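All remarks here apply to the structure that follows.
In the UniProt record's numbering, the protein residues as written are 1 to 459.
Structure, rendered in structure tokens:
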């Protein structure tokens with residue numbers, strides 16, 4: 001039976017089942033994730049498991065060696081958090097912080113940490129000095145390691161602020177498992193269940209949280225009507241405790257590690273993640289590259305060591321060209337007087353949601369013309385960025401690209417013809433280029449572009 005609250009005994013039994021199954025039977029998630037060899041600079045000590053103290057303490061892991069796993073919290077600040085660690089408050093927080101002084105979401109996170117028999121909890125506003133830019137500069141490059149090495153990430157999915165809490169009363173029938181006798185095994189699920197509970201939630205509109213979710217080994221989403229579990233092998237909720245259909249979780253945790261290792265398959269995943277991330281909210285636009293750095297690092301061993309402000313130039317020129325074919329959906333809202341973010345050829349320089357171009361697919365075959373094809377011949381000479389910190393995946397303060405460029409155009413009526421049979425003869429300056437990029441542009445008022453590249457064999 002499902003309880004009338006996400007804090008019910010039945011809900012906690014379900015969480016325990018998911019957690020035990022993950023840590024004992026999942027080959028990609030299991031016991032290895034429980035052996036901590038790295039800790040963040042600061043943690044909240046919530047007490048020895050099994051004890052119920054009324055205070056928590058801020059500890060420095062360099063001087064107070066922690067033992068055992070820690071959890072993390074993803075939450076919406078909601079404008080501001082009522083309690084934060086600063087240079088002035090740090091010492092007093094090390095002596096002890098009454099749990100009653102914490103906002104509701106933080107209190108509930110302490111309860112979850114204790115229920116999962118862990119002693120330590122990481123919360124950004126309490127474990128990073130909020131009035132010390134130098135501390136932020138040191139901590140930001142390690143943000144991905146904070147979430148990667150955690151036992152589990154607690155997601156305050158339905159709360160609009162730190163006062164919203166994790167737990168909600170609900171109508172039990174909304175989360176009750178569906179079991180019907182029949183001739184086979186069938187699963188019926190509400191198509192927009194995930195979008196309503198997670199995708200459209202206040203928390204998932206935050207750009208930083210996208211990275212936190214992708215990097216964490218496990219996530220407990222505390223929604224308004226039920227709890228969701230997400231790990232490398234299972235995506236489930238209280239209605240479907242054995243697992244939801246894969247159609248509900250198109251971007252599973254650790255997706256960068258399981259994707260087919262063909263460079264264009266990787267590029268598709270990379271572009272998709274950039275597009276999702278760019279549409280989310282950042283309090284500070286300057287966090288765009290730092291907020292995506294952890295995901296970028298997960299691609300490094302697959303796409304190569306060279307990373308330039310959100311792009312990977314190392315595989316081949318045509319690979320780089322495809323990454324340059326992006327545009328902003330709607331007005332970008334940026335001008336040259338605003339703080340520098342990235343070189344203009346990087347998607348990270350844009351303010352707003354970006355979209356990468358793709359070549360026409362069969363569903364577009366009958367789209368009306370005329371269409372114009374722009375042939376861009378490119379030979380890259382050099383690309384470079386100046387990192388603003390020691391972290392090559394973090395913010396940048398300058399950059400440039402040097403290349404030879406030549407163009408030509410072709411026009412045709414309708415798209416089916418080019419998809420069914422297309423022969424292109426390249427001559428002149430385009431033939432001498434190392435890479436040709438085909439940009440298919442609609443000249444009939446239809447939005448969007450489509451792009452293909454081809455490597456030329458130059459005698």
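The beta-carbon is built from N, C-alpha and C at its ideal position, and this holds for glycine as well.
On a predicted model such as this, the values are computed, not experimentally measured, just so you know.
Give me the Cα-Cα distance between residue i and residue j, rounded to the nearest whole angstrom.
i: residue 64; j: residue 76; result: 29 Å
i: residue 470; j: residue 111; result: Here the chain comprises residues numbered 1 to 459, so residue 470 is not present and cannot be evaluated.
i: residue 158; j: residue 203; result: 7 Å
i: residue 267; j: residue 286; result: 24 Å
i: residue 160; j: residue 388; result: 33 Å
i: residue 299; j: residue 13; result: 36 Å
i: residue 121; j: residue 73; result: 8 Å
i: residue 172; j: residue 211; result: 32 Å
i: residue 89; j: residue 303; result: 43 Å
i: residue 275; j: residue 68; result: 37 Å
i: residue 135; j: residue 154; result: 24 Å
i: residue 78; j: residue 329; result: 26 Å
i: residue 460; j: residue 322; result: There is simply no residue 460 to check, as the chain begins at 1 and stops at 459 in what is shown.
i: residue 243; j: residue 94; result: 41 Å
Mapping the DSSP letters down to three states, classify residue i as helix, strand or coil.
i: residue 29; result: coil
i: residue 69; result: coil
i: residue 345; result: coil
i: residue 242; result: coil
i: residue 121; result: strand
i: residue 340; result: coil
i: residue 44; result: strand
i: residue 281; result: strand
i: residue 80; result: coil
i: residue 92; result: helix
i: residue 5; result: strand
i: residue 390; result: coil
i: residue 288; result: coil
i: residue 49; result: coil
Within the same chain, show all residues whose beta-carbon is closer than 7 Å to that of residue i, passing over the 5 residues directly before and after it, in chain order.
i: residue 313; result: 306, 320, 383
i: residue 7; result: 167
i: residue 273; result: 295
i: residue 345; result: 324, 401
i: residue 231; result: 22, 26, 29, 217, 218, 253
i: residue 15; result: 220, 227
Using DSSP bridges, identify the partner residues of residue i.
i: residue 154; result: 73, 220
i: residue 203; result: DSSP output for residue 203 lists no bridge partner at all.
i: residue 328; result: 354
i: residue 229; result: 220, 236
i: residue 39; result: In DSSP, residue 39 forms no bridge with anything.
i: residue 400; result: 384
i: residue 98; result: 55
i: residue 311; result: 308
i: residue 169; result: 5
i: residue 60; result: 42
Would you grab the beta carbon distance between residue i and residue j for me? Rounded to a whole angstrom, and I think it's under 8 Å.
i: residue 60; j: residue 42; result: 6 Å
i: residue 116; j: residue 235; result: Not quite, the Cβ-Cβ distance comes to about 19 Å (not below 8 Å), so this is no contact.
i: residue 70; j: residue 118; result: 6 Å
i: residue 216; j: residue 109; result: Contact doesn't hold; Cβ gap of about 14 Å is too wide.
i: residue 2; j: residue 233; result: That belief does not hold up - the Cβ atoms of residue 2 and residue 233 are roughly 23 Å apart, past 8 Å.
i: residue 131; j: residue 86; result: 4 Å
i: residue 341; j: residue 349; result: 5 Å
Sorted by chain position, which residues of the same chain lie with C-beta nearer than 8 Å to residue i's C-beta, five sequence neighbours on each side aside?
i: residue 98; result: 54, 55
i: residue 297; result: 144, 393
i: residue 205; result: 280, 281
i: residue 170; result: 4, 5, 6, 224, 225, 226
i: residue 289; result: 309, 310, 341, 342, 348, 393, 394, 395, 396
i: residue 277; result: 207, 210, 211, 291, 292, 295
Between residue i and chain D, is the shortest Cβ-Cβ distance under 8 Å, so that the two count as touching?
i: residue 383; result: Of the protein chains in this structure there is only one, and it is not chain D.
What does a CB cutoff of less than 6 Å around residue i pick up in its chain, not counting 5 residues either side in sequence?
i: residue 103; result: 82, 162, 163
i: residue 422; result: Caution is warranted here: a pLDDT of 44 is assigned to residue 422, below 50, making its placement in the model unreliable, and no coordinate value can be reported.
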